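First to last, the protein sequences are chains D and Z.
In this text, residue positions in the first sequence follow the numbering used here: the first is 71, and each later residue adds one.
In this text, residue positions in the second sequence follow the numbering used here: the first is 8, and each later residue adds one.
By construction, the Cβ of each residue, glycine as well, lies at the ideal position given by its N, Cα and C atoms.
These numbers come from a predicted model, not from an experiment.
Please read the structure below before turning to the comments.
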Amino acid sequence: DAGVTQSPTHLIKTRGQHVTLRCSPISGHKSVSWYQQVLGQGPQFIFQYYEKEERGRGNFPDRFSARQFPNYSSELNVNALLLGDSALYLCASSLQVGDTEAFFGQGTRLTVV
Amino acid sequence: QQPVQSPQAVILREGEDAVINCSSSKALYSVHWYRQKHGEAPVFLMILLKGGEQKGHDKISASFNEKKQQSSLYLTASQLSYSGTYFCGTELSGAGSYQLTFGKGTKLSVIP
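Dropping the structure here:
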């Protein structure tokens, strides 16, 4: 079975631009969460979606938004990119909300110049 | 509400044991443990729900002390493959949503 897939794997953007990151969860998983991981730190929670509805939001500015599609894949959008947005963006999928293991994708490495 | 992990780093020789601790100042509902190798995605190790349970998987086990809001990960007879950064992720009681807050990680290096 395919694991969590994220695209693209690497991305370079200029300050002020917009970026869209994509995630396909494991087949049968209905929950997708997004995390930002800065080098040397643990993943920081951005959003969680379950059955196409937002179930949790971390402490990130409104420049960050996300959505989940009927096939449970998800997009993370970031507007007006800042240098500080440079990080590894991880997507995790799980069967349900809470009490369950989450499987992480390989991530998208975003560099803002 | 970020959990505090200790130690920050540890170096072991193959066969030695290690304990990694994860403490929270808030009441916890669950603790999740992950291992991340350089350049790779975090890999799930185990989840502990409140109730003071202890779990084990091969030579890696963990406990959750609900009274102290603390979890410990035990690695026995370490192998080279255990090297990586270990993260605990905590879910708060009554949070109303599934949100994991990760610690800064513990870097474990196992040498021959």
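Helix or strand or just coil, what does DSSP make of serine 88 (chain Z)? Three-state DSSP puts serine 88 (chain Z) in a helix.
The stretch 73 to 99 of chain D: positions lying closer than 7 Å to chain Z by Cβ: Per Cβ criterion, the list is empty.
Relative to the alpha-carbon of arginine 125 (chain D), which residue among Z:Gln12, Z:Pro10, Z:Gln106, Z:Gly22 has its alpha-carbon at the smallest distance? Comparing Cα-Cα distances from arginine 125 (chain D) to each of Z:Gln12, Z:Pro10, Z:Gln106, Z:Gly22, the minimum goes to Z:Gln106.
Name the residue from Z:Ile118, Z:Pro119, Z:Lys114 whose alpha carbon lies nearest to the alpha carbon of proline 14 (chain Z). It is Z:Lys114 whose Cα lies nearest to the Cα of proline 14 (chain Z).
If you draw a straight line from the C-alpha of valine 74 (chain D) to the C-alpha of serine 163 (chain D), how long is it? Note on geometry: alpha-carbon atoms of valine 74 (chain D) and serine 163 (chain D) lie some 7 Å from one another.
Inter-residue Cα distance where the pair is arginine 137 (chain D) and glutamate 121 (chain D): In this structure, the alpha-carbon of arginine 137 (chain D) lies about 10 Å from that of glutamate 121 (chain D).
Leucine 153 (chain D) - DSSP class collapsed to helix/strand/coil: Reduced to three states, the DSSP call for leucine 153 (chain D) is helix.
I need the straight-line Cα distance from leucine 180 (chain D) to asparagine 28 (chain Z), nearest angstrom please. Cα-Cα distance, rounded: 31 Å.
Whose Cβ in chain Z lies nearer than 7 Å to the Cβ of leucine 160 (chain D)? The answer, in chain order, is Ala48.
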